[in-house]
Structures are given as structure tokens and as C-alpha cells.
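Protein chains: 2
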Amino acid sequence: MGRRRGEALEAAILEAAWDELSERGYANLTFDSVARRAGTSKPVLYRRWADKQKLVEAAVVRRNVIQLTTPADTGSLRGDLIATLTELSEKRGPFLTQLSLLLAGYFAETGTSFAELREMILAGRRSGRDEIMERAIERGEIDPAKLTPRIASLPFDLLRGETMMTLRPVAPEVIEEIVDTIFLPLVR
Amino acid sequence: MGRRRGEALEAAILEAAWDELSERGYANLTFDSVARRAGTSKPVLYRRWADKQKLVEAAVVRRNVIQLTTPADTGSLRGDLIATLTELSEKRGPFLTQLSLLLAGYFAETGTSFAELREMILAGRRSGRDEIMERAIERGEIDPAKLTPRIASLPFDLLRGETMMTLRPVAPEVIEEIVDTIFLPLVR
DNA sequence: TAAATAAGAAACTGAAACGTATCTTAAGGG
DNA sequence: CCCTTAAGATACGTTTCAGTTTCTTATTTA
Numbered sequence: 001m002g003r004r005r006g007e008a009l010e011a012a013i014l015e016a017a018w019d020e021l022s023e024r025g026y027a028n029l030t031f032d033s034v035a036r037r038a039g040t041s042k043p044v045l046y047r048r049w050a051d052k053q054k055l056v057e058a059a060v061v062r063r064n065v066i067q068l069t070t071p072a073d074t075g076s077l078r079g080d081l082i083a084t085l086t087e088l089s090e091k092r093g094p095f096l097t098q099l100s101l102l103l104a105g106y107f108a109e110t111g112t113s114f115a116e117l118r119e120m121i122l123a124g125r126r127s128g129r130d131e132i133m134e135r136a137i138e139r140g141e142i143d144p145a146k147l148t149p150r151i152a153s154l155p156f157d158l159l160r161g162e163t164m165m166t167l168r169p170v171a172p173e174v175i176e177e178i179v180d181t182i183f184l185p186l187v188r
Numbered sequence: 001m002g003r004r005r006g007e008a009l010e011a012a013i014l015e016a017a018w019d020e021l022s023e024r025g026y027a028n029l030t031f032d033s034v035a036r037r038a039g040t041s042k043p044v045l046y047r048r049w050a051d052k053q054k055l056v057e058a059a060v061v062r063r064n065v066i067q068l069t070t071p072a073d074t075g076s077l078r079g080d081l082i083a084t085l086t087e088l089s090e091k092r093g094p095f096l097t098q099l100s101l102l103l104a105g106y107f108a109e110t111g112t113s114f115a116e117l118r119e120m121i122l123a124g125r126r127s128g129r130d131e132i133m134e135r136a137i138e139r140g141e142i143d144p145a146k147l148t149p150r151i152a153s154l155p156f157d158l159l160r161g162e163t164m165m166t167l168r169p170v171a172p173e174v175i176e177e178i179v180d181t182i183f184l185p186l187v188r
């Protein structure tokens, strides 16, 4: 393998940092371990990130930004929600939950929380949630007056809560229950 | 201050450990810092606990001799809920969340989850939630047909979710919002 | 193809914490 | 009042990581 530079090198380092993080946790991640794993050396890392917090933030943000997608339009609010929640539950949910546990040390150190990390990842971008809600308003499926921010995030909050508690994918019946017996009655 | 021994000394050390834990977090807690804070020295700690994990476990267990109290009857469902959620948020919520984060490693090892731990702690006992809901049904404040298990636990789930995301006590306005704009509309 | 740039290796300093060993002295029990 | 026990102070060797320095060498680019 030749000597990497610039963007390619940076990507490899952040990839390595992510792997370290998910395999061994925040506490056990060091500049040395990441450098070794990326096949480079410590000064290369220090030239880019001032400390472990910055390095980990960059790795987490990068990994998650890559995965941000706008949800498919199924034609109905209910369909959009169930599709999106299901995908979240199966693909990204448990993983992000595990990650937040691995990041416990980071939160303690920085005095931040999962909420703030989430803000960093979104960074002003439009979330899938907003997309779905706006479509539903256009279709006339939602009374906009009833859609407070908290209610708009309700299905996602409940899904996350369920995932955090069980550390497993959420059953389809539970997702439907959340949508049909809690969220939809509140917004129309 | 004279020289402490036995139970009194141990209590002082665990108290100090708890304070360190909640003020500076797990990562920054050391045997030295706890010893200093407790006004004793490191070997005294090492004679009792093999490592940091054991020490913290002991401190956490001691602090949380779990007392399940039945919630006070304020005369209304709304009052009961707000009082209980507020108390949970201020006293026990952040603590349980911190504990959960600390237990992340344990969960990973054993393949268990918060939900199962919670079950173990409750162990068939009547939860405060059931108590509150039953009172409300007797008062005629709730339509029992609408009170599915998921809806009954909804305010508690949302509070827990909020606490986990922010790692801070939940503001009174948020608690009221949860009760007034989400839970109550769903049950009457 | 020469000059500029940055990667990568190695070593080093300093801080911090771990865990242990030694010694003294206070407390409590008989 | 003596004797056993354990508290508490100090100091140590070790390890680990942070962050830097120096130097060599590969890659770009002009």
C-alpha cells in the first residue's frame, strides 16, 4: 500500500476511529490505537484533531452523515411512518443505541448528551421526520395546528425509547401500535 | 476528627465515591480522588475493593437501597401524574440513567437489557403507574377502554426518553406538555 | 525534474493513575 | 492497661497515554 494523503488518508483514519469506538468503546480508544489500526502514526492524527473528543466527534459525524437519506414517499402518512420507523428499527436503531452506550464516557467528559450529539450530526439539515410531516400536511392528513414539535417527534421518541430499553429491533406490531393508537389520533 | 473504622469509615468512603461519580463522572473517578475526598488514603480503599468497578458498584448499590413508594394522592389524575413525574425526574431519573450507562458493559456481556433489569427490580411488585391509573379510573377520569398498557406507560416512557437524551432533569413545562397535550387527550 | 509539502517512524518528556509495600499510630476489646 | 487490629501517611515502581520533536522519505505540483 502506497502512502496515502489528504482526503483518502483522513477517511481511513476516521474509519479506523469508528471501528475502535464500536469495538472497544470510548474509554479504550487512544490516538495510538487508532493510528495503528489505520496503518499510520500519531503525529498524522495530531495534525488534524486536537484531542480525542474532536477525533471521535469527526468519526461519528462522518459515519452518520453518510447514512442520512430522505425517506421514500409511500403516498400516505401512515405508510411513510411505518416504513421509516421499520427501517430505523432494523438498520440503525439498535446500533445507534449501542453506540450511545459506548459513548457514555464521552458524554460524561464533555458534559454533553446524546441530544447534542444528534444536533451536531444533523447540523441544520432537514431531518427525515420533517420531510414526512411536511408531506402529510400537504396531503391534508394532518391538522398543522396540532403538530407541535414534541408531537412530531413522538413516534421517533417512542421507537428510540423502546430500542433503548430492549436493545433489540422493535416488532412490527409495536410500530403499528405507536402509529395507529398514539400518533395518528393526536394529529387529526 | 478522630480516626474512623469499620462501618462508619466504609459509609464515608462510599458517600465520597458517589459524590465523585455524580460530580465528575465515572471516567474521572480514581481511588486517589475518592480517598482524598473521604479524608483517608488509598490503601484503605484497596483493602476493601479490588478495582474501580467494584468500588463504584458498591457506592451505587448503597445509595440506591431501592424504595418503591406509592405515589401521593393529589385528588386528580393530572396532579398525580405531574407530581410523580416530577419526583422521578428530579430524584431517581438521572440516577437510573447514569446507572444504565455504567451498566452498558454488563448488558453487552450478559445479553440482557434495561427492560429485563427493570423487571428484576420490580419483580411482580405493583408499580406506581398502576396505582395512579387505577385511582383515575375510579374517579371516572379515564375511559378504561382507551387505557392500553402502552398508553398507560406513555408518560413514563416519554420522561425516560427525555432523560436519556439530555442526561438532565426534565423541565416542569415539558412534564406538563407531556401530560396535557399527549397523555390526557388520549385517555378521555 | 526540482522544490514544496506532508506522511510516517521513532523516541522522548511529562503527567497521571495503578497497585503495592512499609511504617506509624490510633482505636477497641479483653 | 496491654495487645491486636486496622487506619492513615508516604513513597515507590510500573504502566499508559498525551502531546511533541526530529528526521527521513514518498508524493505532488509547478
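These protein sequence lines are chains A and B, in that order.
Position 20 of the first sequence, counted from 1, bears residue number 20 in UniProt numbering, the numbering being contiguous throughout.
Position 87 of the second sequence, counted from 1, bears residue number 87 in UniProt numbering, the numbering being contiguous throughout.
Positions of the beta carbon are idealized from the N, C-alpha and C atoms, including for glycine.
Values in this document were obtained by computation on a predicted structure and should not be read as measured data.
- Within the UniProt domain "HTH tetR-type" (7 to 67) of chain B, the residues whose Cβ lies closer than 9 Å to some Cβ of chain A are Arg24, Gly25, Tyr26, Ala27, Asn28, listed in chain order.
- In this structure, Arg125/A and Leu68/A form a Cβ contact; the two beta carbons are roughly 7 Å apart against a cut-off of 8 Å.
- Within the UniProt domain "HTH tetR-type" (7 to 67) of chain B, the complete alpha helix (DSSP H) segments at least 4 residues long are 31 to 38, 42 to 46, 52 to 63, listed from N- to C-terminus.
- Of all C-beta pairs linking the region 134 to 148 of chain A to the region 45 to 62 of chain A, fewer than three are shorter than 8 Å, placing the two stretches out of contact.
- Residues Asn28, Leu29, Ser33, Val34, Arg37 of the same chain have their beta carbon placed closer than 8 Å to that of Glu20/A, with the five preceding and five following residues left out of the count.
- Around Arg126/B, no beta-carbon contact reaches into chain A at under 9 Å, the shortest distance being about 20 Å.
- Going by C-alpha positions, Ser41/B is about 29 Å away from Thr110/A.
- Ser127/A and Thr112/B have their C-alpha atoms roughly 31 Å apart.
- Secondary structure note for Pro149/A: its alpha helix (DSSP H) is the uninterrupted segment 149 to 166.
- In this structure, DSSP gives Val179/A a helical state, which the three-state scheme calls helix.
- Under the Cβ criterion (8 Å, minimum of three pairs), the region 165 to 179 of chain A does not count as touching the region 165 to 179 of chain B.
- Those residues of the region 138 to 150 of chain B placed with their C-beta closer than 8 Å to a C-beta in chain A are Thr148, Arg150, ordered along the chain.
- If you look at Val187/A, you'll find it in the alpha helix (DSSP H) that goes 184 to 187.
- Its chain contains Ala17, Leu21, Tyr26, Leu29, Leu102 as the residues whose beta carbon lies nearer than 8 Å to that of Val56/B, once the 5 sequence neighbours on both sides are disregarded; these appear in chain order.
- Within the region 173 to 185 of chain A, the residues whose Cβ lies closer than 7 Å to some Cβ of chain B are Glu177, Thr181, Ile182, Pro185, listed in chain order.
- Runs of the alpha helix (DSSP H) lying entirely within the region 76 to 142 of chain A and spanning at least 4 residues, in chain order: 77 to 87, 93 to 102, 104 to 110, 114 to 122, 128 to 139.
- Cβ neighbours of Asp80/B within its own chain (closer than 8 Å, five residues either side excluded): Pro71, Ala72, Asp73, Thr74, Ile132, Arg135, Ala136.
- Identification of chain A residues near Thr86/B by a Cβ-Cβ cut-off of 8 Å yields none; the smallest Cβ-Cβ distance measures about 17 Å.
- Taking the CA atoms as reference points, Met164/A sits about 14 Å from Lys91/A.
- One finds Asp157, Leu158, Gly161, Glu162, Met165 in chain A with Cβ atoms closer than 9 Å to the Cβ of Asp157/B, taken in chain order.
- Sequence-distant partners of Val179/A (beyond 5 residues in either direction) whose C-beta falls short of 8 Å from its own C-beta, in its chain, are Arg78, Leu81, Ile82, Leu85, Pro155.
- Against Ala115/B, the close residues of chain A are Met165, Thr166, in the order they occur along the chain (beta-carbon pairs closer than 7 Å).
- Counting only Cβ-Cβ distances below 9 Å, Gly105/A has contacts in chain B at Gly25, Tyr26, Ala27, Leu101, in chain order.
- At a cut-off of 8 Å between C-beta atoms, Ala171/A does not count as an interface residue with respect to chain B.
- Your pair Arg150/A and Glu177/B checks out as a contact, with CB atoms roughly 6 Å apart and the cut at 8 Å.
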